[in-house]
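Peer 1: Once you've had a glance at the structure underneath, I'll fire off some questions.
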Amino acid sequence: MNESLPFEPSPVLFAEVLIPLALPRNFTWALPPELQDKAMPGMRVEVVLGRNKKYAGIIKKLHDKKPAAFDPKPVLNLLDETPILHAQQLLFWEWMAHYYLCSEGEVMQAALPTHFKLSSETILLFNDAAGEDFSHLDDEEFVVAEALLIKKELRITEVQQLLDASHVYPVIQRLLEKKVCLVWEELKQTYKEKKETFILLHPQYNTDEKLADLLNNWTAKAPKQLELLLAYLHLEKTEGEVTKSALLSKSGASADQLKGLVSKAILLEEKRTVDRLKSLPANVSINFTLTPAQETALAQLQDQFSQKAVCLLQGVTSSGKTLLYIRLMEEALRNGKQVLYMLPEIALTAQVIRRLREHFGGHIVIYHSKFNANERVELWHKVKSGEAKIVLGARSSVFLPFRDLGLVIVDEEHDSSFKQQDPAPRYNGRDAAVFLASLYQAKVLLGSATPSLESWYNVKQGKYGLAQLTERYAGIDMPQIGIVDTTGLRQADKSRVILSPALEEAITQTLQKNKQVILFQNRRGYSPYQVCQSCGWIPHCKHCDVSLTFHKLHNKLVCHYCGTIYPPVVICEACGNHDFQQQNFGTERIEESLVERFPHAKVARMDIDAIKGKHAHDALIQLFEQQRIDILVGTQMVVKGLDFDHVQLVGILDADAIMGFADFRVNERAFQLMEQVSGRSGRKGEQGLVLVQTRNPRHPVLAWVKAHDFETFAQAEMSSRQQFGYPPFTRLIQLSFKHKTADVVQAAARQFAAWMTPNFGAYLVGPAAPVVNRVRNQYIMDLLIKLPRDLHLLQQCKDQIQLLTAHLHQQPPFKSVIVTPDIDPI
DNA sequence: AGCACGCCGACT
DNA sequence: GTCGGCGTGCTC
1 MNESLPFEPS PVLFAEVLIP LALPRNFTWA LPPELQDKAM PGMRVEVVLG
51 RNKKYAGIIK KLHDKKPAAF DPKPVLNLLD ETPILHAQQL LFWEWMAHYY
101 LCSEGEVMQA ALPTHFKLSS ETILLFNDAA GEDFSHLDDE EFVVAEALLI
151 KKELRITEVQ QLLDASHVYP VIQRLLEKKV CLVWEELKQT YKEKKETFIL
201 LHPQYNTDEK LADLLNNWTA KAPKQLELLL AYLHLEKTEG EVTKSALLSK
251 SGASADQLKG LVSKAILLEE KRTVDRLKSL PANVSINFTL TPAQETALAQ
301 LQDQFSQKAV CLLQGVTSSG KTLLYIRLME EALRNGKQVL YMLPEIALTA
351 QVIRRLREHF GGHIVIYHSK FNANERVELW HKVKSGEAKI VLGARSSVFL
401 PFRDLGLVIV DEEHDSSFKQ QDPAPRYNGR DAAVFLASLY QAKVLLGSAT
451 PSLESWYNVK QGKYGLAQLT ERYAGIDMPQ IGIVDTTGLR QADKSRVILS
501 PALEEAITQT LQKNKQVILF QNRRGYSPYQ VCQSCGWIPH CKHCDVSLTF
551 HKLHNKLVCH YCGTIYPPVV ICEACGNHDF QQQNFGTERI EESLVERFPH
601 AKVARMDIDA IKGKHAHDAL IQLFEQQRID ILVGTQMVVK GLDFDHVQLV
651 GILDADAIMG FADFRVNERA FQLMEQVSGR SGRKGEQGLV LVQTRNPRHP
701 VLAWVKAHDF ETFAQAEMSS RQQFGYPPFT RLIQLSFKHK TADVVQAAAR
751 QFAAWMTPNF GAYLVGPAAP VVNRVRNQYI MDLLIKLPRD LHLLQQCKDQ
801 IQLLTAHLHQ QPPFKSVIVT PDIDPI
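In terms of UniProt numbering, the first sequence is residues 1 to 826.
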């Protein structure tokens, strides 16, 4: 019966496991017989890596090929009974690691909620073999040894409580040497279900009669308890169920009074597991009609989706793109599919959420950076089971384990915040979403008023479908744009002008009409700093090649690159003078001068410094919506995801700061930004006005913005991109080399470039030192590669980069040079 | 990412 | 003479 047949599948013996680390390749563990028929890809396993470090890894593959080069260690445990993700996630992670040149472990690290990752905790075990003779121990060692003898094991935190927390490690070290104890690592499950105590009426009063009996015969004693009981009965009637905390806070009773009722067996306490994500009724209400223009666009999209996986919806600001999204989402829902709606984090405002909740209620879940780890685990499960139908989230929501994804919407698709900059994986959420969708045969809708040139190119190539909305909703005109030439204008103190007379006049008029004003200030290059009045010296960071930003609120200097905080400078390091001034050209300074000039207007500031936490942001938006603020000054935040009905005037205070960057995307960014900003002006009722202050009024971008002419802009920009060999006509890869010695990075980068030259010499730019050439005491060199659009060449180049990086690390002088590839840098 | 091993400087 | 710094390499 059980003889082995020649074609019988061999038993699965090994598991390729992903570990949340930047390992160069995936590792393999052996599955002990008792786990072999339970293990499945996507389940977490407990494994030991190295001496005794434990990790929760994820099984990627099961196989029976014994590795030749090493003897795999055994998997200790299966941590899940069912996989925590779908097969698509593993494929998605693999693609991302390959495409963005990082390890699958790094992708896993970014993808999984922290509580799935489990941290290991060091445990001290008593070594029975050492015996109980502690005479050779000093006082502190003795204390720990005694405790260990009794408890047999201690965690580090417990040892810290036993001793003076400052020096537990040396003591543990000595105990280890004297063999009194052993260490072991234990995996700690950090996800905790949320429990809440509910209050119930004791079953002995389960009929009205018995209850009435109890109330009628209440003794004169304990009137407070009677009061509490009545409060309970009221709450129970109105809310259905009563939690302990709600009862106590609403009745104002004390915990002791409740305890009294419980001990008399009148009320009962019961602990129940509850859901952290409050659920709303899950009904769909689509109760609006589309304009003819919207209907046409919707039909176009539906038509194109029959042939194309990705469509672009280009619609001018307030053309009602969201209504089309809602229609498509509803359609996906009707087909039993899930929807991922991605937008830039900063645009994920209460206003946007409220608007979608109106239509989809409890079908929508939100995923953003303010979520805590426990909430993320619960959301993960809801998405995996398919219970959550629509996910509204930022970049990282592409990692959620969709069961049956039917539609992905990437709103504000051009936004650069979809690209993750710092820790690997340096992925673009929009592009990753397109790939993810392909795994589910789902459709992707990219939406923007000012599409990225990459997406526009894909439309022109026929790869993406297109629908356009060229007029604003409800027949509002596009705002009128005025260019204010500030050349020659100077403030009394000779500093650059903040408010031109023209803008001041426009503000006055707008305020007179009881309308609101938004003033936009690009933050870059406008951070407050300290400067010596005698010699112009500016304090710099000790570890980075940047000047320090002055934070007025905390009266501190801060390095925005490494985060180091310094006290304000009093003595100039260059000339010894004591004459320091704070230059603050930021929104703060603008706010000050507005208050001065418009003393009766209510002015508020919205930037990272003024907004602490999401709630302050939402609160400020509400105040502005309710017209309790007249003038709102801010950075990017004021233009994303917000619609205000009474804004009549938008001022762009310094367009030169937007247009003056030395980077090939300046024009694209400038156009996008100004178009987005001006879109805030003129909603209900009349046409809005936008005033752009510049010293370069003939800049071509301004003309396109003035005409709201995306297509002409795109055409012009495309031809210059083509001419200079930039995306979308090429693919970029940026390599950063970092090392603590300037000469070493330089040599390494040059060496690397020299090795690349035979195959890719024509495409290299640099190596060169970036503008900020030292961060955290590491010198930096950048090498840019501009590849023609050719998938084979791209792959070849990536392979070559990985090979040469390994090769570089074999050269003794370059061993510790860090090489970071950035694919499709922004 | 940890962690151990190993080779050079500032102390008992 | 030793303690300890961190540079380097390895972990299935």
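No residue lacks a Cβ here, since even glycine has one placed at the ideal position from N, Cα and C.
#1: So, does the stretch 132-141 touch the stretch 46-65, judging by three or more C-beta pairs under 8 Å?
#2: So, helix, strand or coil for CYS797, using DSSP?
#3: Are the stretch 509-518 and the stretch 543-557 touching by the rule of at least three beta carbon pairs closer than 8 Å?
#4: Helix or strand or just coil, what does DSSP make of ILE19?
#5: Assuming the contact rule is C-beta atoms closer than 8 Å, SER678 and VAL650 should be a hit. Round their C-beta distance to whole Å, please.
#6: Could you pull the start and end residues of the beta strand (DSSP E) that LEU642 belongs to?
#7: The beta strand (DSSP E) that contains TRP29, what's its start and end?
#8: Report back the beta-carbon spacing between LEU787 and LEU735 to the nearest angstrom; my notes put them in contact at under 8 Å.
#9: Does the Cβ-Cβ distance between GLU675 and ALA449 come in under 8 Å?
#10: Taking C-alpha atoms, which residue in PHE116, SER417, ASP790 and ALA110 lies nearest to MET43?
#11: Cα separation between residue 842 and PRO74?
#12: Less than 7 Å between C-beta atoms, sequence neighbours within five positions excluded: which residues of the same chain meet that for ARG605?
#13: So which of ALA222, ALA350, HIS234 and GLU358 has the shortest CA-CA distance to LEU201?
#14: Tell me the DSSP secondary structure of LEU290 in three-state form.
#15: So what does DSSP say about GLU46, is it helix, strand or coil?
#16: What's the C-alpha gap between GLN583 and PRO528?
#17: Measure from the alpha carbon of LEU356 to the alpha carbon of each residue in GLY336, ARG334, SER285 and SER369, then state which is nearest.
#18: Taking only three categories from DSSP, how would you classify ASP545?
#19: Return the residue from the list ALA424, LYS460 and THR730 that minimises the CA-CA distance to PRO20.
#20: Checking 8 Å against the spacing of the C-beta atoms, do GLU413 and PRO728 come in under that value?
#21: Buried or exposed for VAL819, going by 16 or more other Cβ atoms inside 10 Å?
#22: Does the stretch 474-489 come into contact with the stretch 428-447, if we say contact requires no fewer than three beta-carbon pairs (one atom in each stretch) closer than 8 Å?
#23: Return the chain-ordered list of same chain residues with a C-beta closer than 8 Å to the C-beta of VAL701, the five sequence neighbours on each side being excluded.
#24: GLU186 by DSSP, collapsed to three states: which one?
#25: Where does PHE580 fall in DSSP's three states?
#26: By a C-beta neighbour count over all protein chains shown, 10 Å radius and 16 as the cutoff for buried, is MET1 buried or exposed?
#27: With a cut-off of 8 Å on the beta carbons, I'd call residue 827 and VAL817 a contact; round off their distance for me.
#28: Mind checking whether VAL517 and ASP630 have CB atoms under 8 Å apart?
#29: What residue range does the alpha helix (DSSP H) around ASP139 cover?
#30: What are the boundary residues of the alpha helix (DSSP H) that includes THR238?
#31: What's the gap between the Cα of VAL159 and the Cα of ALA129?
#32: At which residues does the alpha helix (DSSP H) containing SER748 begin and terminate?
#33: Helix, strand or coil: which one does DSSP assign to VAL33?
#34: Going by DSSP, what residue range makes up the beta strand (DSSP E) through VAL485?
#35: How is ILE498 classed by DSSP in three states: helix, strand or coil?
#36: Out of curiosity, what's the CA-to-CA distance linking TYR561 and ASP579?
Peer 2: According to the structure shown:
#1: Contact fails: fewer than three Cβ-Cβ distances are below 8 Å.
#2: Residue state, collapsed to three classes: helix.
#3: Fewer than three Cβ pairs drawn from the stretch 509-518 and the stretch 543-557 lie within less than 8 Å of each other, which leaves the two stretches out of contact.
#4: Here ILE19 carries a coil assignment [DSSP, helix/strand/coil].
#5: Between VAL650 and SER678 the Cβ distance is about 6 Å, and since that is below 8 Å, they are a contact.
#6: Judged by DSSP secondary structure, LEU642 falls outside any beta strand (DSSP E); it is assigned neither H nor E.
#7: Annotation: the continuous beta strand (DSSP E) that includes TRP29 extends over 27-30.
#8: Between the beta-carbon of LEU787 and that of LEU735 there is about 13 Å, and that puts the pair past the 8 Å contact cut.
#9: Here GLU675 is near ALA449, since their CB atoms are less than 8 Å apart.
#10: Ranked by Cα distance from MET43, the options PHE116, SER417, ASP790 and ALA110 are led by PHE116.
#11: This structure cannot settle anything about residue 842, because the visible part of the chain is limited to 1 through 826.
#12: Cβ contact annotation for ARG605 (same chain, cutoff 7 Å, sequence separation greater than five): THR587, GLU588, GLU591, VAL633 and GLY634, in chain order.
#13: With distances taken between Cα atoms, LEU201 lies closest to HIS234.
#14: LEU290 carries a coil assignment under DSSP once its states are collapsed to helix, strand and coil.
#15: Strand.
#16: Cα to Cα, GLN583 sits roughly 5 Å from PRO528.
#17: Here the closest residue by C-alpha is SER285.
#18: Under the three-state reduction of DSSP output, ASP545 falls in the coil class, being neither helix nor strand.
#19: For PRO20, the closest of ALA424, LYS460 and THR730 by C-alpha to C-alpha distance is ALA424.
#20: In this structure, GLU413 lies away from PRO728, with their beta-carbon atoms at least 8 Å apart.
#21: Result: buried.
#22: The answer is no - the stretch 428-447 does not touch the stretch 474-489, with fewer than three Cβ pairs under 8 Å.
#23: Here the set comprises MET659, ASN667, ALA670, PHE671, MET674 and PHE713.
#24: Strand, per DSSP.
#25: DSSP, read as helix, strand or coil, puts PHE580 in strand.
#26: Below a pLDDT of 50, predicted positions are generally treated as unreliable, and MET1, at 47, falls in that range; the measurement from the model is reported next regardless. With fewer than 16 other Cβ atoms within 10 Å, it is exposed.
#27: What the structure shows of the chain is the stretch from 1 to 826, and residue 827 is not part of that stretch, so it cannot be assessed.
#28: When the beta-carbon positions are compared, VAL517 and ASP630 come within less than 8 Å of each other.
#29: It spans 139-151 - the alpha helix (DSSP H) in which ASP139 sits, taken as one unbroken run.
#30: The continuous alpha helix (DSSP H) containing THR238 extends over residues 223-239.
#31: In this structure, the straight-line span from the alpha carbon of VAL159 to that of ALA129 is close to 21 Å.
#32: Inspection of the sequence shows that residue 748 is occupied by Ala rather than by Ser. Run containing ALA748: 742-760, per the alpha helix (DSSP H) assignment.
#33: For the sequence presented, residue 33 should be read as Pro rather than Val. If DSSP states are grouped into helix, strand and coil, PRO33 belongs with the helices.
#34: Note that residue 485 is Asp in the sequence shown, not Val. Element bounds for ASP485: 480-485.
#35: Here ILE498 sits in coil by DSSP.
#36: Within the model, the alpha-carbon separation for TYR561 versus ASP579 is close to 26 Å.
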